[in-house]
Amino acid sequence: LAKTTQPISMDSYEGQEVNITCSHNNIATNDYITWYQQFPSQGPRFIIQGYKTKVTNEVASLFIPADRKSSTLSLPRVSLSDTAVYYCLVGDARGYQKVTFGIGTKLQVIP
Amino acid sequence: GAVVSQHPSWVICKSGTSVKIECRSLDFQATTMFWYRQFPKQSLMLMATSNEGSKATYEQGVEKDKFLINHASLTLSTLTVTSAHPEDSSFYICSASGGPEARSTEAFFGQGTRLTVV
């Protein structure tokens, strides 16, 4: 399982765009990159998943460079409710493969 | 997205008793379920992988006789914490996936169970 490295914490003001970068230098050819969000005392919630280039959905964008050794989760115009821990995971996209969580990034949105 | 439900959401038990936590996939068949434990201000730690109809695979350092996992059907896995002690107090989370045949590539997580042993 590829190891991931993320900043431990980030602060942002409301309305700003937040970019959280994750390093995964030993990502394997079959690995996908998935980001989850977790609020206190809740299970993680899927945000976005990608393999290469750029993926966008209704809540976020995921940028993956050609070498795939890193990825950046972009949250547009954050609000206070986006305060949470964000986890970057790398692994085989097939659902039955176990998922290992890193330390995550604690995002604090400030009014 | 698919829904995974855990029950109970929270439980308080006396030291020495056993507690069962259920994890159900409500709208898909979960070939594989995972059980995690999360201590305050820490990340999720994988405890075991549960495959329907077979014995669970435990991570290193997790006592299989203390954390009994049963995955008897494609929609239900249970985690029983036996002879619970205060140090077992934690947030337990399950996730489920449909296996290699599933269309979705994401794992779906339950809402978690807060266990407090007094």
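From first to last, the protein sequence lines stand for chains A and B.
So for the first sequence, this note's numbering puts the first residue at -14; every next one is plus one.
So for the second sequence, this note's numbering puts the first residue at 17; every next one is plus one.
Glycine is no exception: its CB is placed at the ideal position from the N, C-alpha and C atoms.
Mapping DSSP to helix, strand and coil, what is residue i?
| i | result |
| --- | --- |
| A/L58 | strand |
| B/L62 | strand |
| A/D16 | strand |
| B/P116 | Residue placement at B/P116 cannot be trusted, given a pLDDT of 49 that sits under 50; what the coordinates show is reported in the next sentence. Looking at B/P116 - three-state DSSP - the assignment turns out to be coil, as it is neither helix nor strand. |
| A/D77 | strand |
| B/D43 | coil |
| A/D(-4) | strand |
| B/L95 | strand |
| B/L90 | coil |
| B/E38 | strand |
I want to verify the contact list: residues of chain B whose CB lies under 9 Å from the CB of residue i, in sequence order.
| i | result |
| --- | --- |
| A/I5 | Within chain B, no residue comes near A/I5; the closest Cβ sits about 15 Å away, beyond 9 Å. |
Considering only the alpha carbon of each residue, which of the options lies closest to residue i?
| i | options | result |
| --- | --- | --- |
| A/C73 | A/E2, A/S64 and A/I12 | A/I12 |
| B/Q54 | B/S93, B/V35, B/Y108 and B/V97 | B/Y108 |
| A/Q(-9) | A/G89, A/V94 and A/Q93 | A/G89 |
| B/Q144 | A/K(-12), A/S26 and A/S46 | Nothing about residue 144 of chain B can be read from this structure; chain B reaches only from 17 to 134. |
| A/D77 | A/Q34, A/Q1 and A/Y71 | A/Q34 |
| A/H9 | A/Q93, A/P96 and A/G87 | A/G87 |
| A/T68 | A/I18, A/I95, A/E2 and A/T38 | A/I95 |
| A/K54 | A/I18, A/S(-6) and A/E43 | A/I18 |
| A/K(-12) | A/T38, A/F31, A/S(-6) and A/C7 | A/C7 |
| B/P56 | B/V27, B/D104 and B/F124 | B/D104 |
| B/N67 | B/A46, B/F83 and B/E79 | B/A46 |
| A/N15 | A/Y36, A/Q22, A/S(-3) and A/V3 | A/Y36 |
| B/A123 | A/I32, A/E2 and A/S59 | A/I32 |
Strictly below 7 Å CB to CB, what residues from chain A border residue i?
| i | result |
| --- | --- |
| B/S59 | F86, G87, I88 and G89 |
| B/V92 | It should be noted that the sequence gives Leu, not Val, for residue 92 of chain B. By Cβ distance, chain A contributes nothing, its closest Cβ being about 17 Å from B/L92, past 7 Å. |
| B/L95 | Under the 7 Å cutoff, chain A gives no residues; its nearest Cβ is about 14 Å from B/L95. |
Which chain A residues are close to residue i, counting only those with a beta carbon under 8 Å from its beta carbon?
| i | result |
| --- | --- |
| B/F107 | S26 |
| B/R130 | S26 |
| B/M76 | In the sequence on display, residue 76 of chain B carries Gln and not Met. The contacting residues do not exist; B/Q76 stays about 13 Å from chain A at best. |
Is residue i buried or exposed, if buried means 16 or more other CB atoms sit within 10 Å of its CB?
| i | result |
| --- | --- |
| B/W51 | buried |
| B/A112 | buried |
| A/G0 | exposed |
| B/Q58 | exposed |
| B/T48 | buried |
| A/P29 | buried |
| B/D43 | exposed |
| B/S70 | exposed |
| A/Y71 | buried |
| B/E129 | What sits at residue 129 of chain B in the sequence shown is Thr, not Glu. It is buried - the Cβ of B/T129 has at least 16 other Cβ atoms within 10 Å. |
| A/A51 | exposed |
| B/Q76 | exposed |
| A/S64 | exposed |
| A/W20 | buried |
| A/Q22 | buried |
| A/T85 | buried |
| B/P116 | Caution applies to B/P116, whose pLDDT of 49 falls short of 50 and renders its modelled position unreliable; the value that the coordinates give is listed next. B/P116 should be labelled exposed. |
| B/V134 | exposed |
| A/S56 | buried |
So with CB distances below 9 Å, who are the chain A contacts of residue i?
| i | result |
| --- | --- |
| B/Q139 | Given a span of 17 to 134 for chain B in the structure shown, any question on residue 139 of chain B remains unanswerable. |
| B/L42 | Per Cβ cutoff of 9 Å: no residues; B/L42 is ~14 Å from chain A at best. |
Legend entry - the stretch 34 to 44 of chain B touching the stretch 90 to 107 of chain B, judged by at least three CB pairs closer than 8 Å: yes
Legend entry - Cβ contact (3+ pairs, closer than 8 Å) linking the stretch 19 to 32 of chain B and the stretch 77 to 90 of chain B: no
Inset, instruction - Could you tell me whether the stretch 42 to 49 of chain A touches the stretch 38 to 46 of chain B, where touching means 3 or more Cβ pairs closer than 8 Å? - result: Not touching, per the Cβ criterion.
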